[in-house]
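Asks:
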Amino acid sequence: EIMDRLAMDAADAAVQAGYPRDAEAMLIVELEGPVEEVEAEKPRLMQLIEESGAYLTEPALDAAQRARIWAGRKSAFSAVGRLSPDFIVQDGVVPRSRLGEALARIDELSREYGLRVANVFHAGDGNLHPLIMFDGTVDGEYDRAEELAGKILRMCVALGGSITGEHGVGLEKRAYLEDMYGEDDVEFLGRLRDAIDPRQLANRGKMLPEKQAPALTGREVHPLEKQGIISRS
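According to our numbering, the stretch in the sequence shown is residues 1 to 233, in order.
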């Protein structure tokens with residue numbers, strides 16, 4: 001797992017995880033298996049970490065220390081709420097060999113859009129979870145945040161990855177399927193679905209784009225809004 005400076009600050013404020021204050025990012029590595037296997041792997045792991053340029057390593061010496069380290073990671077998403085009134089969490093994936101490029105590009109986009117982005121992600125499989133912070137009461141920030149989220153998805157595809165790492169397409173990412181598969185393939189998928197489910201009884205409108213598919217979920221009217229139960233205006 002990797003957390004950047006913003007995510008570490010948020011987690012520290014929430015659960016006092018004790019993360020280093022002078023690091024721009026932190027890698028959490030956990031070995032699993034029989035004791036003999038873990039003990040045999042540990043020296044090689046430490047060597048690889050040091051050769052990769054880490055300036056500090058902190059092995060967990062007991063269960064309490066492990067719990068403290070993981071408590072910060074597990075609280076990171078909710079803890080970002082301490083830094084910003086609103087945020088969008090995205091889910092994409094890139095090849096592990098291109099994680100550095102992805103983070104550098106996200107930083108460029110963050111500066112371009114004037115919005116902070118905290119990065120928390122599964123380094124083992126290249127699954128990114130950038131948290132794009134914004135204030136929904138400021139005119140235009142919500143739209144900028146969604147546009148930035150879309151550019152991150154397209155960046156994932158450009159780097160040889162996917163618009164979804166582990167949470168599916170649903171409504172949110174329908175408009176980005178053509179970036180991955182092309183117009184012809186997506187159109188074929190639509191015809192195939194129509195042949196199997198001509199009455200659209202199974203998850204109507206999900207996954208495959210419609211003619212006017214929104215960029216992201218938030219641009220659609222929520223069913224509870226249609227019923228007058230909630231309002232986002």
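Glycine is no exception: its CB is placed at the ideal position from the N, C-alpha and C atoms. Note that this is a predicted model, so its numbers are computed, not measured.
Are the Cβ atoms of G170 and M207 separated by less than 9 Å?
Replies: Yes, the Cβ-Cβ distance between G170 and M207 is below 9 Å.
Asks: Hey, would you say A130 sits closer than 9 Å to I106, going by beta carbons?
Replies: Going by the sequence as given, residue 130 is Pro instead of Ala. Cβ atoms of P130 and I106: closer than 9 Å.
Asks: Of the choices G92, I69 and A14, whose alpha-carbon is the least far from that of V29?
Replies: It is I69 whose Cα lies nearest to the Cα of V29.
Asks: Which class does D86 belong to by DSSP, given the choice of helix, strand or coil?
Replies: DSSP places D86 in strand when its eight states are reduced to three.
Asks: If we count the other Cβ atoms within 10 Å of its Cβ and call it buried at 16 or more, is S97 buried or exposed?
Replies: Classification for S97: exposed.
Asks: Hey, A64 and V15: beta-carbon distance below 9 Å or not?
Replies: Not in contact: A64 and V15 (Cβ atoms no closer than 9 Å).
Asks: Using the three-state DSSP reduction, which class does G124 fall into: helix, strand or coil?
Replies: Reduced to three states, the DSSP call for G124 is coil.
Asks: Would the beta-carbon of R73 be found less than 8 Å away from any heavy atom of the ligand GTP?
Replies: As presented, the structure is devoid of all ligands, the ligand GTP included, so that no description of it is given.
Asks: Cβ of A25 within 9 Å of Cβ of D4?
Replies: A contact, by the Cβ cut-off of 9 Å.
Asks: Give me the Cα-Cα distance between A213 and G205, rounded to the nearest whole angstrom.
Replies: Caution applies to A213, whose pLDDT of 40 falls short of 50 and renders its modelled position unreliable; the model cannot decide the point.
Asks: Can you say whether V320 is buried or exposed, counting buried as having 16 or more other CB atoms within 10 angstroms of its CB?
Replies: Lying before the first or after the last residue shown, residue 320 is absent from the chain, which here runs from 1 to 233.
Asks: Among P85, L31, A40 and L103, which one has its Cα closest to the Cα of I2?
Replies: With distances taken between Cα atoms, I2 lies closest to L103.
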